[in-house]
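Enquirer:
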DNA sequence: GCGAGTTTATGACGGGGGTCATAGTTTAGG
DNA sequence: CCTAAACTATGACCCCCGTCATAAACTCGC
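Chains as they are written, first to last, in the working numbering: chain A, 1234 to 1487; chain B, 1234 to 1487.
1) Could you name the residues that DSSP lists as bridge partners for residue 1361 of chain A?
2) Taking residue 1473 of chain A as part of the beta strand (DSSP E), name the residues at either end of that continuous run.
3) Is there contact here, the stretch 1306–1322 of chain B with the stretch 1331–1340 of chain B, by at least three beta-carbon pairs under 8 Å?
4) When the Cβ atoms of the stretch 1407–1416 of chain B are set against those of the stretch 1401–1408 of chain A, are three or more pairs found closer than 8 Å?
5) Thinking C-beta only, is residue 1297 of chain B closer than 7 Å to residue 1346 of chain B?
6) Determine the burial state of residue 1252 of chain A: buried for a count of at least 16 other Cβ atoms within 10 Å of its Cβ, exposed for fewer.
7) Count the other C-beta atoms from every protein chain shown that fall within 10 angstroms of the C-beta of residue 1431 of chain A, then say buried if there are 16 or more, exposed otherwise.
8) Among B/1411, B/1454, B/1436, whose alpha-carbon lies nearest the alpha-carbon of residue 1476 of chain B?
9) Give me the Cα-Cα distance between residue 1441 of chain B and residue 1447 of chain B, rounded to the nearest whole angstrom.
10) Assign residue 1254 of chain A to one of two classes, buried (16 or more other C-beta atoms within 10 Å of its C-beta) or exposed (fewer than that).
11) If you follow the beta strand (DSSP E) that residue 1312 of chain B is in, where does it begin and where does it stop?
12) Against chain A, which members of the stretch 1432–1444 of chain B pass a CB distance test of less than 9 Å?
13) I want to know whether the stretch 1278–1287 of chain A touches the stretch 1351–1367 of chain A - three or more CB-CB distances under 8 Å.
14) If we define contact as Cβ-Cβ less than 7 Å, is residue 1371 of chain B a contact residue for chain A?
15) Looking at residue 1385 of chain A and residue 1341 of chain B, is the spacing between their C-beta atoms short of 7 Å?
16) On the criterion of 16 or more Cβ atoms from any shown chain inside 10 Å, does residue 1424 of chain A qualify as buried, or is it exposed?
17) Does residue 1322 of chain A come out as helix, strand or coil in the three-state DSSP assignment?
18) Assess contact between the stretch 1267–1276 of chain A and the stretch 1317–1328 of chain A, defined as three or more Cβ pairs (one per stretch) separated by less than 8 Å. Is contact present?
19) Residue 1384 of chain A touches chain B at which residues, Cβ-Cβ below 7 Å?
20) Can you list, in chain order, the residues of its chain with a C-beta nearer than 7 Å to that of residue 1457 of chain B? Leave out the 5 residues immediately preceding and following it.
21) What number of angstroms, rounded off, separates the C-alpha of residue 1417 of chain B from the C-alpha of residue 1271 of chain B?
22) Is DSSP giving residue 1328 of chain B helix, strand or coil here?
23) Just the Cα atoms here: how many angstroms apart are residue 1256 of chain A and residue 1331 of chain A?
24) State the DSSP-derived secondary structure class of residue 1265 of chain A, mapped to helix, strand or coil.
25) Assign residue 1441 of chain B to one of three DSSP states: helix, strand, or coil.
26) Can you name the residues of chain B whose CB is closer than 8 Å to the CB of residue 1410 of chain A?
27) Have a look at residue 1400 of chain B and residue 1394 of chain B and give me their C-alpha separation to the nearest angstrom.
28) For residue 1451 of chain A versus residue 1459 of chain A, is the C-beta spacing smaller than 7 Å?
29) Based on DSSP bridge pairs, tell me the residues matched to residue 1352 of chain B.
30) Look at the alpha carbon of residue 1439 of chain B and the alpha carbon of residue 1269 of chain A, and state the distance between them as a whole number of angstroms.
31) Please list, in chain order, all residues of the same chain as residue 1325 of chain B whose beta carbon is under 6 Å from its beta carbon, the five residues on each side excluded.
32) Going by C-alpha distance, which of B/1413, B/1474, B/1328, B/1280 is nearest residue 1310 of chain B?
33) How many angstroms separate the CA atom of residue 1391 of chain B from the CA atom of residue 1387 of chain A?
34) Determine, for residue 1481 of chain A, whether the minimum Cβ-Cβ distance to residues of chain B falls below 7 Å.
In structure tokens:
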């Protein structure tokens, strides 16, 4: 089964013979915000308990119910974090892009992972040993504060998500997501230029689960936004934002 | 206006002449899990920038959009954390009981508070100076780790909330909430005895906002749970749990 | 204990959106 | 290419639940 692929955690072949511009072991989390302030020595220490793994699209990165004792840091690619309810329905609670991580709860508390991670694109993931990260957080107050910032930010995002799910109709959430994707494209806090083309990184099915809706509804809403002249669908998975202001109106928050 | 009441933060009268078993200043956050591991000296330091405030029912504890530079730690009572959308609708994103806190984002990032806090019961709240808390997290790795644990836990809870809002119908969420309240009553991880009586700490209106629904629907769902024999409503705001197992079935998670 | 205000209960109604079914479209593999 | 599989689009149906309206029950302050 796929899920024991990271149970036997011997240094994988992934770290040898990389063609990339990223060192197989130590290099990846260097890019990650939380660890960017570490000293060379600390980096080195972290690298000791780290490995880099490649996951191809569709592959399971981590599995709910397990406790692998690792922090998963996405270095490249995209990983969806989903919860599957007893009734079999799936809800994406989070998307991990480069720099994002998962597994913080089981870092600090003796808990199994509550969600499953699946690569949506080919991804490179740093697996950091829990014990090393803990040790590092002990040593480096800066790292702790960075980590705390990251978690606090996620709390706010999740509160926003909860608010949106409870209060706003699907169409607004679609608008909000498009703006968010556009904002992620342009640089931080840029005003989101009119006519930006956003590339949807996922299938409608996946996006729907992220927004807490169904593929059919998402398709309809995208088209109704197009009919309203706010966006223009071009090709399979590209959207041009025609009227950013009115989009923002619908989104109202997030 | 109420919201400047913590703008002028001179030591309030609340801290003099307390009758309680909690010292006016330093005593309160001693009970709080995040700070329980601090040394006497560190406690003392924290107390320097701290004050204790009493809030009576309905009073605003903190206000969205402000940045008071404080961490709010609830020592006693209950505070609801709500977001009010542009359309005027309100969503409770969190309940703060004793030991819970709010304001962590503005602790780490230069952000105003995203939500408003209102006391649902008379409450005692410790106001800790942001700078002192930061300093403390620098000094004490243990405190940092505790804080990280607390935030990580909240992330999981919020992910669960989001999942519930997106996937589960109201009746299930009601069931989940009742079980959660019952679990909070009995001691940690106790099996929740059959026939437990849960006291609802809020009006249906407030609970509804917490569950992302309306008062009317909540009322109906409570009664349908009663008809199904899972609970028994007794009096205005007490519920007896008759069939914990079937309740848990509906809750399925959280 | 009596009216005013709050909280809860209940019916009627309608819309948003989930599900099912199905058809059209891309993509990918042989 | 050409078929199979995956993805997207669209219609039909219907149910959950939000809203409005209103009544009942409870709570308080005089």
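Think of the CB as a built atom: it goes at the ideal place given N, C-alpha and C, for glycine as much as any other residue.
Only a predicted model underlies this, so the values are computations on that prediction, with no experimental measurement involved.
Expert: To lay it out plainly:
1) A/1283, A/1304
2) 1471–1474
3) yes
4) no
5) yes
6) Since pLDDT at residue 1252 of chain A reaches only 36, below the 50 mark, its modelled position is unreliable, and no value is offered.
7) buried
8) B/1411
9) 5 Å
10) Note that residue 1254 of chain A has pLDDT 38, beneath the 50 cutoff, so the model's placement of it is unreliable and the number below is only indicative. Residue 1254 of chain A comes out exposed.
11) 1312–1317
12) 1442, 1444
13) yes
14) yes
15) yes
16) exposed
17) coil
18) no
19) 1381, 1384, 1385, 1388
20) 1404
21) 25 Å
22) strand
23) Here residue 1256 of chain A scores only 45 on pLDDT, less than 50, and its place in the model should not be relied on; the value that follows carries that caveat. Straight-line Cα distance between these residues: approximately 16 Å.
24) coil
25) helix
26) Going along chain B, no residue has its Cβ under 8 Å from residue 1410 of chain A, so there is no contact; the nearest lies around 14 Å.
27) 10 Å
28) no
29) B/1312
30) 43 Å
31) 1313, 1315, 1442, 1443
32) B/1328
33) 10 Å
34) no
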